[in-house]
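A.B. asks:
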Amino acid sequence: MDPISLILFIAIGGIMIGAGVHFIPVGGAPAAMATATGVGTGTAMLAAGAGLTGLITAATMTGEPFYIVGIGGAIGAMIMMGITMLIANFIYIFGVGIVPAASKVNVDWITKRNQEAYKTPGTEGHGVPLTSFVSGLIGGFFGGFGGGLVYYGIYQAVQDSTFISDPAVSVGLAAILGVGVFFINSVIASYNIGGTIEGMHDPKFKRIGTGALACGIASVVLGIFCIILTGGI
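Using my numbering, read the sequence shown as starting at 46 and increasing by one per residue.
(1) Got a sec, what are the start and stop residues for the alpha helix (DSSP H) Gly-94 sits in?
(2) List the endpoints of the continuous alpha helix (DSSP H) containing Gly-225.
(3) Going by the DSSP bridge assignment, what does Glu-169 pair with across the sheet?
(4) With a threshold of 6 Å on Cβ separation, who are the neighbours of Asn-230 within its own chain once the five nearest residues in sequence on each side are excluded?
(5) May I ask you to report which of helix, strand or coil DSSP gives Val-150?
(6) Could you work out which residue in Ile-55, Asp-47 and Gly-72 is closest to Val-266 when comparing CA atoms only?
(7) With a Cβ-Cβ cutoff of 8 Å, do Ala-119 and Gly-99 count as a contact?
(8) Within the chosen definition, does the region 98 to 113 reach the region 74 to 84 through at least 3 CB pairs nearer than 8 Å?
(9) What separation, rounded to the nearest whole angstrom, lies between the Cα atoms of Ser-210 and Ile-57?
(10) Excluding sequence positions up to five away, which residues of its chain have a Cβ less than 6 Å from the Cβ of Thr-168?
(11) Could you check what DSSP says for Ile-69 in three-state terms: helix, strand or coil?
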């Protein structure tokens, strides 16, 4: 793979990763205490977890066309996000005894149910309501597909280079660099969000353009480093 194509794969993948993070419902520490909507963890941690799962499933598609590798990554990330949000809701509903409710909108976009009626006074919502759940799956798709593109580009570049001939080393290096690109873009997107987000209905979601642009610029720089690390021009 030529250097320009590698940079394009990493840049497009980085933009998809950065955009995907904005879809993921994360409530941070307040959500861990069921006082905020979303999963009780940090944005970067949850996005990176989905990305790592996506990279594993993308790696199983090694040798296939880029879109198959991307879809493989997307499916893995979506499964991880879906299971995480589902188990979180089980804990919130049957453990804490609360009903999933959003605080940023009065009516759920999908179910059309009033959220204020279910929200506990003094909280910023709780659990993962349906709109947030669907938003998280969309975020997993974008993040996983983007991570798959990054993996594919780096793997092909390593395979085409002359200083590495072992396929296992090629897969390992592509996975390591892919994880690095994913973490960096996740953190950039998290800073752009600035804390918690409920998903695509949250007012902070409007920052997605700025976040995707920043991730794209960072990914171009990362692509240059990846060219050097995969054998140079």
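Ideal placement from N, C-alpha and C gives every residue a C-beta, glycine not left out.
C.D. replies: In short:
(1) Gly-94 -> alpha helix (DSSP H) spans 88 to 104.
(2) Where Gly-225 is concerned, the enclosing alpha helix (DSSP H) starts and stops at 212 to 238.
(3) Beta-bridge pairing links Glu-169 to Ala-81.
(4) Cβ within range, chain order: Gly-59, Ile-62, Gly-63 and Cys-260.
(5) In the structure shown, Val-150 sits in coil (DSSP, three-state: anything other than H, G, I, E or B).
(6) Taking Val-266 as reference, the option from Ile-55, Asp-47 and Gly-72 with the minimal CA-CA separation is Ile-55.
(7) Against a cut-off of 8 Å, the Cβ pair of Gly-99 and Ala-119 comes out as a contact.
(8) Here the region 98 to 113 makes no contact with the region 74 to 84; the two share fewer than three CB pairs at distances below 8 Å.
(9) The C-alpha of Ile-57 is placed about 27 Å away from the C-alpha of Ser-210.
(10) Spatial neighbours of Thr-168 in its own chain (CB-CB distance under 6 Å, excluding positions within 5 residues in sequence) are listed in chain order as Thr-80.
(11) Here Ile-69 carries a coil assignment [DSSP, helix/strand/coil].
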